[in-house]
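A.B. asks: Just so you know, the protein sequences line up as chains A and B, in that order. Take 1 as the starting number for the first sequence in this note's numbering and just add one per residue. Take 1001 as the starting number for the second sequence in this note's numbering and just add one per residue. All residues carry an ideal CB built from backbone N, CA and C; glycine is no exception.
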Amino acid sequence: MSETNSQSPKRIIIVGGGSAGWMTAAALSSVLPENAARICLVESEQIGTIGVGEATIPDIINFNAMLGIPEAEFLKATNGTFKLGIQFVNWGRQGESYMHPFGQHGVDMNGIDFHQYWLKYRQDHPDSSIEDFSLSAIAAQGGKFAMPDPNPRSVLSQLRYAYHFDATAYARYLRGFAEQRGVRRIEGKVTHIGQHPETGFITHIDLESGESLDGDLFFDCTGFRGMLISQTLGVSFQDWSHWLPCDTAQAIACERTGEILPYTISTAKQAGWQWRIPTQHRTGNGHIYSSKLLSDDEAIDSLLQDLDGPALGSPRKIRFQTGHRTKLWEKNCVAIGLSGGFLEPLESTSLFLIQEGISKFISLYPTAAMPAVVSDEYNRQLVKKFEQVRDFIILHYKATERDDSEFWNYTRTMDIPDSLSARMELFQEAGRIFRYEDELFAKPNWIAVLLGQNIAPKSVDPIIGAVGAADITRSLQSMRSAMQGAVAKMQTHRAFLEHYAWSGETV
Amino acid sequence: MATLSLVNALGSDHHIAQVNASATPPADDIYGGATSPESYNFLRGLGLDEPLLMLEGRASFSLGTHFRRWRPGQTWHQCHHAPFPTIDGTPLIHHLTRSRTPLSEVLISAQAALAGRFAHPPADPATPLALAEYGYQFDPLDWVRLLDARIETTRVERLKAETITVQSQVAGRTVLALDDDIALEADLIIDATGPARTVISQTGSHFIADRTVNARISRQAATQTGQPGRVIEASEEGWTLKVFPQETELSLAITSPAEPNETLKGFDVELGRVSEAWQGNCIAIGHAAWTIEPLSPAPMMLLQRDIERLLELIPTTAEANTERREYNRRFRDDVDHAGLFHEALLRQEGAMNSAYWKSAAGGEPSEKLARKLRQYGHRGIVPRYDLEPFNNEDWIILLEGLGKTPQDYDRQADRLPEAETQNQLRQMKATIDNLIPRMPPHHIYVAKLKQYLEKKRHV
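1. Return helix, strand or coil for glutamate 1038(B), following the three-state DSSP convention.
2. Could you give the residue range of the beta strand (DSSP E) that holds glutamate 1152(B)?
3. Starting from glutamine 1412(B), find everything on chain A with Cβ-Cβ shorter than 7 angstroms and list it in chain order.
4. Among the residues of its own chain, which have a CB less than 6 angstroms from the CB of serine 212(A), if the five just before and after it don't count?
5. List the residues of chain A whose Cβ lies closer than 9 angstroms to the Cβ of proline 1383(B), in chain order.
6. Output, in chain order, the set of chain A residues within a Cβ distance shorter than 8 angstroms of histidine 1378(B).
7. Could you pull out every unbroken beta strand (DSSP E) segment of at least 3 residues lying fully inside the segment 53-116 of chain A, listed in chain order?
8. Return the residue from the list Pro9(A), Ile265(A), Lys317(A), Arg432(A) that minimises the CA-CA distance to serine 290(A).
9. Tell me the DSSP secondary structure of alanine 1183(B) in three-state form.
10. Between proline 462(A) and chain B, is the shortest Cβ-Cβ distance under 8 angstroms, so that the two count as touching?
11. Compare the C-alpha of arginine 1069(B) against each of Ser1168(B), Ile1232(B), Leu1178(B) and name the closest.
12. Distance cutoff 8 angstroms, beta carbons only. Does serine 419(A) sit that close to anything in chain B?
13. Below 7 angstroms on C-beta distance, what does glutamate 1367(B) contact in chain A?
14. Span of the beta strand (DSSP E) holding methionine 393(A)?
15. Does the pairing of the segment 1238-1251 of chain B with the segment 1296-1304 of chain B give three or more beta-carbon distances under 8 angstroms?
16. Taking 8 angstroms as the cut-off, does the segment 382-402 of chain A touch the segment 215-226 of chain A (at least 3 CB pairs, one atom from each stretch)?
17. For a quick check, are the C-beta atoms of proline 1406(B) and glycine 1377(B) less than 8 angstroms apart?
18. Are at least three pairs of beta-carbons, each pair with one atom in the segment 254-268 of chain A and one in the segment 138-156 of chain A, less than 8 angstroms apart?
19. Let me make sure I understand the geometry here. Which of Arg1197(B), Gln1375(B), Pro1125(B) has the alpha-carbon closest to that of proline 1083(B)?
20. What does the alpha-carbon distance come out to for the pair leucine 119(A) and valine 460(A)?
21. Mind listing the chain A neighbours of glutamate 1323(B)? Cutoff is C-beta to C-beta under 9 angstroms, in chain order.
22. Are the segment 359-376 of chain A and the segment 319-334 of chain A touching, with three or more C-beta to C-beta distances below 8 angstroms?
23. Determine the direct distance from the alpha carbon of alanine 1192(B) to that of alanine 1253(B), and round the result to whole angstroms.
24. Relative to the C-alpha of glycine 1380(B), which residue among Asn1392(B), Asp1386(B), Arg1329(B) is closest?
25. Would you mind stating whether glutamine 508(A) and phenylalanine 342(A) have Cβ atoms separated by less than 8 angstroms?
26. Please work out which residues of its chain come closer than 7 angstroms, Cβ to Cβ, to glycine 85(A), disregarding the five sequence neighbours upstream and downstream, and give them in chain order.
27. In whole angstroms, what is the alpha-carbon distance linking phenylalanine 219(A) and lysine 1429(B)?
28. Using CA atoms only, rank isn't needed, just tell me which of Gly194(A), Glu347(A), Gln231(A), Glu208(A) is closest to valine 217(A).
29. Check the C-beta distance from threonine 1174(B) over to threonine 1203(B) and give it rounded, since I have them as a contact under 8 angstroms.
30. Using a cut-off of 9 angstroms between C-beta atoms, extract the partners of serine 509(A) located in chain B.
31. Quick check on the burial criterion: 16 or more other C-beta atoms within 10 angstroms. Buried or exposed for glycine 1339(B)?
32. For aspartate 1179(B), count neighbouring C-beta atoms within 10 Å of its own C-beta (all shown protein chains included) and say buried if the count is 16 or more, exposed if not.
33. Quick check on this structure: which residue in His192(A), Gln250(A), Leu244(A), Gly215(A) has the alpha carbon closest to the alpha carbon of threonine 232(A)?
34. Can you look up arginine 511(A) in the DSSP assignment and give me helix, strand or coil?
35. When you compare the CB of glycine 68(A) with every CB in chain B, is at least one pair closer than 8 angstroms?
36. In chain order, what residues of the same chain have a beta carbon less than 6 angstroms from the beta carbon of glutamine 250(A), not counting five sequence neighbours either side?
This is how it looks when you write it as structure tokens:
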């Protein structure tokens, strides 16, 4: 097999820094055997990066663990905080809010999903909320945090968390990590991309400095421009803007004035929504909207009006198109991050999709010949992942009763993918959820959003009919009381952070 | 199984009747007499726990299916196995490819089956036996008897009739007639009439036939319980399956209906599936919905999935459009995905030039299977489709058994020096080799287990 080893790509060039570029560099330098390949990352300080991925989902913990990054060190370096879920405000109806927590609701019993017990319980307790049975939701609402307990019998084992952090600081941290492992960083702008005249494979990139870099394998991390995958290789784009009509964001940080919330807030607005992401010393904010229905000035006014502290700087405008490249790997080029596709960060999936792109690539690591059999499978898996995340995001726009603006009238009445419509109908009948095998969002995620946005099942599953109402009430009240007791003993989020990973920086 | 599942799951406000029609020919033998490890909890849920199956169901253990001379040079044990261990964080298959080590050497359940030995996998993950998984071998006649006795103790109404026919079909609602004159109406009718498809065939759902085979079944008593796994052996005419429940040997010979040798003749079985398993108020399960050859435990796996899918989607309205659509989508996926596994076994180059093998290797090749073969052949990757019945380990064992070795392996395997990899693999093999002789022969294990269970029962 040593002969085949010599065929692996020896010169890897990553074009573009930011989260995508440095996550790729860090992962490759960490998993590839020493001296297996020479990795160069080319980035230009003149070209800004887009930091929309500051809120994450629990999978980021696996990525950091794969690299062997100590959690406290990472949180200090990135001004990170813990995240137990997302609070959605004004989505189903104006004036309402719900929590989409990480982890599950309650405990499944006798092979029957917990939410079926809760749906029956609610028939006699109409004021009950399913959030009352989520440890993450109760802790989030109380501003508390604790580490999950690995003992499955402990109620704390139900806790799941992710992070909020400064994505620019994360890229900087990963840069240090990657450079320590031999990644060469080259400062410079790419002026030309060379291709093989017959195969069309990318052969080299020329820099403004006059330097030319030859490569066997190229990663396009150039953001929306897609310098390699789109401008050079001409891979087309699958546009989903008819389902997800927002196309612009205005982002700004502000001073943090209150407690550090252990959750993200997403507030639906006239023609889009606004995020609020608490890091240790400031709050990240952004207003995502449809530019066809809201002017930039109106969007900025709305953004600034809803900050909860003095603004730090001026809003930064980001234009985007929702969808993905029809091929995320073409010839010897792999598009990671925004160059491969974009889904608005409503469920904090931006860094997850980068992570998926990298981990699938590593699991399919090619020979230098870049056989189509490998890229074909990569593209199949990545496109499926984009489609699954897409459906979950569309759900938030479709499952609404809002009729107060053209934007909501459009999303409420638009046609949606068959895969989503079948799933919504199934839930509406008897609260049933069907999950695809390798789907990112699990049953509790779908249940939180469907119920949170007032998609009420017409009936409960008949199999719950055999369980007595008194038994259900006793079980659920016992669960709730155990969760409340566990949360009461937790530290506040801030106290936990100060003890565990306080950065010591100021604004 | 469906009756017991329904009566266990639904409250007493649901009336359940079971109709046994003596004119419907039994076809349980073509389920293949073996379950997969996934059936353990399902069977327990029906009240068929292991002590009952051993003491009253004449079950024995199954570590998989031994394929003997499937093609020239192709003999392997298609064993049940827990997820393969990783070495240095890289999947086992890449290290095996790198060091050219045969997979079967490091599979405890394959080696135990080859030696005719069995012991329950312990909970302690430190022993390689913990990675073995097992199902059961059984005689369907025994299990039907057990299930029947259990149903007798429930509130299920038992009806008997010579014939069941469809009396009327109005607006998608089927009404049955027992013995041509007693009308039987129901909100939901489960058609479990096997290949006769008595009800579903009258609802507008049509059978999509793949091909027809001939099956001949025989039973004979054995002086002791046989191997801890089924045996399949190929011949020019087709193949023969042998199943070894307690002190019995079941034999099922599958040939072509065009087979000229009259001594091999049994009854014809049309393979394929119905277009919609749920049509109107009728749901077909088991052989009424699909018929596939018992080359693997797929028939029992699919039957279990049919019942589980039914329980997940018990309708809440008369129309049940949403549940029906979802049921049929998953039904098609499940049957088609199980079919890929069998297609891989049957569609091979160098197949014998007889009526059975030509027919088995014919038809349109599946793109999904082609993708699996391409990816595995290239670098040991097995692409997964949604909720496939067979897991990664099943596929890797199958493809290795069929001699499809990956051309290359994951580069991450190179992080470990080759000598170290070989050392670890040698240790795995040596541990297994040392353990196997200490495991009891299958027949002795079954006998001792029964003695123990009997004693425990009377304490």
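C.D. replies: From the atom records:
1. Position 38 of the second sequence, counted from the start, is the residue given in the question as residue 1038(B). Glutamate 1038(B): coil per DSSP, three-state reduction.
2. Stepping through the second sequence from its first residue, residue 1152(B) is reached at position 152. Looking at the DSSP string, glutamate 1152(B) is not in any beta strand (DSSP E); the run it does join, the alpha helix (DSSP H), is 1140-1152.
3. Along the second sequence, one-based indexing puts residue 1412(B) at 412. Ordered by position in chain A, the residues that pass the 7 angstroms Cβ test against glutamine 1412(B) are Val31.
4. Within the first sequence, residue 212(A) is the residue found at index 212, counting from 1. Result list for serine 212(A): His204, Asp206, in chain order.
5. Start at 1 with the first residue of the second sequence, and residue 1383(B) comes out as number 383. Ordered by position in chain A, the residues that pass the 9 angstroms Cβ test against proline 1383(B) are Glu377, Arg380, Gln381.
6. Taking the first residue of the second sequence as position 1, residue 1378(B) is located at position 378. The answer, in chain order, is Pro371, Val373, Val374.
7. Counting only runs of 3 or more, we get 81-83, 85-89, 97-101.
8. On the first sequence, position 290 is the one that residue 290(A) refers to. Taking the Cα of serine 290(A) as reference, the smallest distance to any Cα among Pro9(A), Ile265(A), Lys317(A), Arg432(A) is reached at Lys317(A).
9. Along the second sequence, read from residue 1 onward, the residue named residue 1183(B) stands at position 183. Reduced to three states, the DSSP call for alanine 1183(B) is strand.
10. On the first sequence, position 462 is the one that residue 462(A) refers to. With respect to chain B, the C-beta atom of proline 462(A) has a partner C-beta closer than 8 angstroms.
11. Numbered from its first residue, the second sequence carries residue 1069(B) at position 69. For arginine 1069(B), the nearest C-alpha among the options comes from Ile1232(B).
12. Locating residue 419(A) in the first sequence gives position 419, where the first residue counts as 1. Judged by the 8 angstroms Cβ criterion, serine 419(A) is not in contact with chain B.
13. Within the second sequence, the letter at position 367 stands for residue 1367(B). Against chain A, the beta carbon of glutamate 1367(B) has no neighbour under 7 angstroms; the closest one sits roughly 11 angstroms away.
14. Against the first sequence, residue 393(A) aligns to sequence position 393. It should be pointed out that residue 393(A) corresponds to isoleucine in this sequence rather than to methionine. Where isoleucine 393(A) is concerned, there is no enclosing beta strand (DSSP E), although the alpha helix (DSSP H) it sits in stretches over 372-398.
15. Under the 8 angstroms Cβ criterion, the segment 1238-1251 of chain B does not count as touching the segment 1296-1304 of chain B, having fewer than three qualifying pairs.
16. The segment 215-226 of chain A is not in contact with the segment 382-402 of chain A.
17. Position 406 of the second sequence holds residue 1406(B). Position 377 of the second sequence holds residue 1377(B). A contact, by the Cβ cut-off of 8 angstroms.
18. Look at the beta carbons and you see the segment 254-268 of chain A touching the segment 138-156 of chain A: at least three pairs across the two are nearer than 8 angstroms.
19. Translated into positions along the second sequence, residue 1083(B) becomes position 83. Of the candidates Arg1197(B), Gln1375(B), Pro1125(B), the one whose C-alpha sits nearest the C-alpha of proline 1083(B) is Pro1125(B).
20. The sequence position of residue 119(A) within the first sequence is 119, counting from 1. The sequence position of residue 460(A) within the first sequence is 460, counting from 1. Each residue's Cα considered, the two are about 6 angstroms apart.
21. For the purposes of this step, residue 1323(B) is taken as the residue at position 323 of the second sequence. Within 9 angstroms Cβ-Cβ: Leu426, Glu429, Ala430, Arg432.
22. In this structure the segment 359-376 of chain A touches the segment 319-334 of chain A; the number of beta carbon pairs closer than 8 angstroms is three or more.
23. Mapped onto the second sequence, residue 1253(B) falls at position 253. Mapped onto the second sequence, residue 1192(B) falls at position 192. Straight-line Cα distance between these residues: approximately 24 angstroms.
24. Working through the second sequence from its first residue, we reach residue 1380(B) at position 380. Ranking the options by Cα distance to glycine 1380(B), first place goes to Asn1392(B).
25. With chain A represented from 1 up to 507, any question about residue 508(A) goes unanswered, as that position is not in the structure.
26. Position 85 of the first sequence holds residue 85(A). The residues are Met99, His100, Pro101, Phe102, Ser136, Ala137, Ala140, Tyr263.
27. Against the first sequence, residue 219(A) aligns to sequence position 219. Against the second sequence, residue 1429(B) aligns to sequence position 429. Going from the Cα of phenylalanine 219(A) to the Cα of lysine 1429(B) covers about 41 angstroms.
28. The residue given as residue 217(A) occupies position 217 in the first sequence. In the sequence on display, residue 217(A) carries leucine and not valine. Of Gly194(A), Glu347(A), Gln231(A), Glu208(A), the residue nearest in Cα terms is Gly194(A).
29. To locate residue 1174(B), count along the second sequence from 1; it is residue 174. To locate residue 1203(B), count along the second sequence from 1; it is residue 203. Yes, they are in contact, since the Cβ atoms of threonine 1174(B) and threonine 1203(B) sit about 6 angstroms apart, within 8 angstroms.
30. Absent from the model: residue 509(A). The displayed extent of chain A is 1 to 507, so no value can be given.
31. By one-based count along the second sequence, residue 1339(B) stands at place 339. Glycine 1339(B) should be labelled buried.
32. Taking the second sequence and counting its residues from 1, one reaches residue 1179(B) at position 179. Here aspartate 1179(B) is exposed: its Cβ has fewer than 16 other Cβ atoms, across all protein chains shown, within 10 Å.
33. Walking along the first sequence from the start, residue 232(A) turns up at place 232. Comparing Cα positions, the closest option is His192(A).
34. Limits of chain A in this structure are 1 at one end and 507 at the other, which puts residue 511(A) out of reach.
35. For the purposes of this step, residue 68(A) is taken as the residue at position 68 of the first sequence. Using a CB distance cut-off of 8 angstroms, glycine 68(A) does not count as an interface residue toward chain B.
36. Within the first sequence, numbered from 1, the residue matching residue 250(A) stands at position 250. Around glutamine 250(A): His287, Ala299, Ile300, Leu303, Pro315, Lys317.
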